[in-house]
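Colleague: In this note's numbering, the protein residues as written are 122 to 219.
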Amino acid sequence: MDSKPSLVRGLDAWLRRTRFAALRDVVEKRPAEGTNLDALDGIRGVAVLIVVASHTDGLGLEGHGGAGVWLFFGLSAFLLTRPFAADPSRARRAASLR
122 MDSKPSLVRG
132 LDAWLRRTRF
142 AALRDVVEKR
152 PAEGTNLDAL
162 DGIRGVAVLI
172 VVASHTDGLG
182 LEGHGGAGVW
192 LFFGLSAFLL
202 TRPFAADPSR
212 ARRAASLR
């Protein structure tokens, strides 16, 4: 039995069938190595929404987009560095840097 709520299962199924590749990527992309930290990906998504809301004057967040940018880039740096921290020799292999 799937532990996901029916709304999440339905959204997941819809995203997998959509003709828009960018939306399919939301559920189909997997990390090249290691495990995906879904919670941190979610926080990065919230950071993006903060930036968009600050630019569109939504939710009264005008002027607070910088916090979203810092959060997004900080988490991105952490997530991109994880494979190299786990195996420092990857930094010397050109194929890993792609």
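Backbone N, C-alpha and C define an ideal beta-carbon position, used for all residues, glycine too.
Look at the Cβ atom of ALA188, then the Cβ atom of ILE164, and state whether they are nearer than 8 Å.
Modeller: Against the sequence shown, residue 188 aligns to sequence position 67. Against the sequence shown, residue 164 aligns to sequence position 43. No, these two residues do not count as a Cβ contact at 8 Å.
Colleague: Compute the Euclidean distance between the alpha carbons of HIS185 and SER175, then round it to the nearest angstrom.
Modeller: Indexing the sequence shown from 1 puts residue 185 at position 64. Indexing the sequence shown from 1 puts residue 175 at position 54. Between HIS185 and SER175, the C-alpha separation is close to 6 Å.
Colleague: Within 8 Å, do at least three Cβ pairs link the region 189 to 197 to the region 206 to 216?
Modeller: No: fewer than three Cβ pairs fall under 8 Å.
Colleague: Rounded C-beta distance between VAL148 and ASP159? I'm assuming under 8 Å.
Modeller: Within the sequence shown, residue 148 is the residue found at index 27, counting from 1. Within the sequence shown, residue 159 is the residue found at index 38, counting from 1. Going by Cβ atoms, the distance from VAL148 to ASP159 rounds to 11 Å, so no, they are not a contact pair.
Colleague: Could you have a look at SER124 and say whether DSSP puts it in helix, strand or coil?
Modeller: To locate residue 124, count along the sequence shown from 1; it is residue 3. SER124 falls in the coil class under three-state DSSP.
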